[in-house]
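Report on one structure; see the data block that follows.
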Amino acid sequence: MSKVLKNAVIGGGVAGLTISRKLKDVTLIEENEYNIYQPSWLYTSLYGKVEKKKRIRDIYIGNLIREKVKEIDLGERRIITDKNEYAYERVIICTGALPNTALIDGLKEVIDEFGSFSISYNEALKLNSKIKSMKKGTIIIGITYPIYKFPPCAVEFSLLLEEILRKKGVRKNFKIKFVSPFLGAYPAKIMDEVLSPIMREKGIEIISPFNVDKIDNNKREIYSLEGEKLEYDFAYLVPPFSGTNILKECINEDGFINTDKEKLNIKGYDDAFALGDVTSIPSAKSGATAYLEAKALLRRLNGENTVYDGRTNCPVYVGDKKATFVVSNYHHEALRIYPKRSYYIARRFLDIFYYYLMRHNWIIDNYLERFKI
């Protein structure tokens, strides 16, 4: 066994990089060479944009082990990779969430044909090709399962696709239907009251609650648990997501790590923590949430008597060069924030300068103060 790692961080996404850059005596374990800005897949699918990514070594200069983690034994404090085995004093798991198309019968066949903006760059390119080839028909966009990454993504996609079709002068050739398992297009009630009227105003039919049961892609039919059947010509659906397979304990039925929602420790352990999409905490699975969790845990590990308050801050494009933000925490419902051009500019700034902001967190922190609850 190699030397004992004082602070082992597993995963080089937003949470892993944020805490690794600031925590002392840290070793980051990540198999991939690049950090990928996954929201860029949305722009690939709609506009054909190139995937935005950067070498982890250009963001983080500390100890880095490029190996695939196979298993973590929390009781024995061991990390087993495809090449080595490591002991640790403290572990922070930030491995993210993975698409699980197998949860919905027929969903894999839909994504194999139409692509996805939620899974990979190649799937986003496939989706872009489908959008370019569309002439007319019924488009179904939506959420197939209550647990998924970046809650605004499906709403954003529907509004931006509508804008593309409208500006091409072919909007009249398409019906756009949006399906959601929630009581509206968006899970947070107050923000749904902001977003759903915009969607309806642009001719997007919202069908909710619609819990997807199965899909017959050959017949072009989607069936719900409520007994409804919808027909489509094109389907762009957000898949369910599941957590990790590197833990054999402390995970729920969807594979997410049972995590204290305030202290961010893995329940039952004071030397193991989880951050970001891999956790079971009741907060949005998004980069902004992962960042805020990492900052909260960093303060705790540095001796501050503080907790994570569930704060999230998700930007949402609504088309026509406007955007809004979904801001909430454990103690307050989402703020009612109506779209503005200035919010669109802020979102564009994040998209363009994402990796600069990763290295200069104070800019993000100052901006987040504007929306403090």
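At position 278 of the sequence shown the residue is numbered 1556 (the numbering used here), and the sequence of numbers has no breaks.
A virtual CB, placed ideally from N, CA and C, is assigned to each residue, including glycine.
Since the structure is predicted, the reported quantities are computational estimates derived from the model, not experimental observations.
Compare the C-alpha of residue i against each of the options and name the closest.
i, options, result
"G1565", "N1285, L1515 and V1292", "V1292"
"V1304", "I1623, L1576 and L1461", "L1576"
"S1260", "R1578, C1372, G1597 and T1422", "Shown here, the chain extends from 1279 to 1651; a query on residue 1260 therefore has no answer."
"V1556", "Y1315, G1289, T1373 and V1282", "T1373"
"K1480", "E1441, L1508, K1467 and V1516", "E1441"
"L1283", "R1356, S1394 and E1401", "R1356"
"K1507", "N1496, F1488 and R1449", "F1488"
"I1358", "R1498, A1574 and I1288", "I1288"
"Y1616", "I1409, A1624 and V1604", "V1604"
"L1306", "E1329, S1323 and Y1366", "Y1366"
"I1535", "G1290, K1427, D1511 and I1371", "I1371"
"S1502", "K1492, D1511, E1582 and Y1510", "K1492"
"Y1364", "K1281, E1504 and G1420", "K1281"
"M1477", "F1435, C1528, K1413 and R1619", "F1435"
"Y1327", "Y1608, K1545, I1468 and S1407", "The sequence shown places Lys at residue 1327, rather than the Tyr named in the question. Closest option to K1327, Cα to Cα, is S1407."
"E1354", "R1626, E1345, N1607 and D1549", "D1549"
So residue i and residue j are in contact, right, with Cβ under 8 Å, and what is the actual spacing, rounded?
i, j, result
"I1350", "V1369", "7 Å"
"Y1338", "L1295", "6 Å"
"S1520", "A1432", "In fact, because the Cβ distance is near 18 Å, the residues do not count as touching under 8 Å."
"I1524", "K1361", "In fact, because the Cβ distance is near 15 Å, the residues do not count as touching under 8 Å."
"T1590", "S1561", "5 Å"
"L1381", "F1392", "Rounded, the Cβ-Cβ distance is 18 Å, inconsistent with contact."
"K1539", "G1588", "7 Å"
"S1486", "A1463", "7 Å"
"I1651", "L1613", "7 Å"
"G1563", "K1427", "At residue 1563 the sequence reads Lys, which differs from the Gly that was named. So it is a contact: roughly 5 Å between Cβ atoms."
"L1439", "L1324", "6 Å"
"Y1632", "Y1315", "5 Å"
"Y1622", "A1601", "4 Å"
"Y1547", "L1352", "6 Å"
"I1297", "E1311", "Not a contact, Cβ separation roughly 20 Å."
"T1522", "G1505", "So it is not a contact: roughly 35 Å between Cβ atoms."
Go ahead and label residue i buried or exposed: buried means 16 or more other beta carbons lie within 10 angstroms of its beta carbon, across all protein chains shown.
i, result
"W1640", "exposed"
"S1318", "buried"
"Y1586", "buried"
"N1580", "exposed"
"L1570", "buried"
"E1401", "buried"
"F1649", "exposed"
"N1313", "buried"
"N1530", "exposed"
"N1496", "exposed"
"N1683", "Residue numbering for the chain in the displayed model covers 1279 to 1651; residue 1683 lies beyond these limits and cannot be assessed."
"L1461", "exposed"
"E1308", "buried"
"G1384", "buried"
"P1424", "exposed"
"Y1321", "buried"
"V1256", "As shown, the chain starts at 1279 and ends at 1651. That puts residue 1256 outside it, with no answer to give."
"I1418", "buried"
"I1630", "exposed"
"K1526", "exposed"
"E1611", "exposed"
"K1346", "exposed"
For the ligand COA, I want to know if residue i counts as a neighbour, meaning its beta carbon is within less than 7 Å of at least one of the ligand's heavy atoms.
i, result
"E1401", "Although the ligand COA was asked about, the structure shown includes no ligands whatsoever."
Unbroken stretches of the alpha helix (DSSP H), 4 residues or longer, contained in the segment 1541 to 1615:
Counting whole runs of 4 or more residues, the segment 1541 to 1615 contains the alpha helix (DSSP H) stretches 1565 to 1579.
Residue ranges of each beta strand (DSSP E) run of no fewer than 3 residues wholly in the segment 1457 to 1513, ordered along the chain?
Those beta strand (DSSP E) runs which fall completely within the segment 1457 to 1513 and span 3+ residues are 1482 to 1485, 1490 to 1494, 1499 to 1502 and 1507 to 1509.
Kindly confirm or deny that the segment 1462 to 1481 and the segment 1593 to 1603 touch, where touching means at least three C-beta pairs closer than 8 Å.
At 8 Å Cβ cutoff, the stretches touch.
Validate contact between the segment 1381 to 1393 and the segment 1511 to 1519 using beta carbons, cut 8 Å, 3 pairs:
Yes, since at least three Cβ pairs between the segment 1381 to 1393 and the segment 1511 to 1519 fall closer than 8 Å, the two stretches touch.
Within the chosen definition, does the segment 1448 to 1464 reach the segment 1480 to 1489 through at least 3 CB pairs nearer than 8 Å?
In short, these stretches touch, since the Cβ pair count reaches three.
My parser needs the beta strand (DSSP E) runs of 3 or more residues fully inside the segment 1294 to 1332; what are they?
Correct list: 1304 to 1307 and 1312 to 1314.
Threshold first: 3 residues or longer. Then list the beta strand (DSSP E) segments lying entirely within the segment 1337 to 1413, N to C.
DSSP runs (the beta strand (DSSP E)) wholly in the segment 1337 to 1413: 1341 to 1343, 1347 to 1351, 1356 to 1359 and 1363 to 1371.
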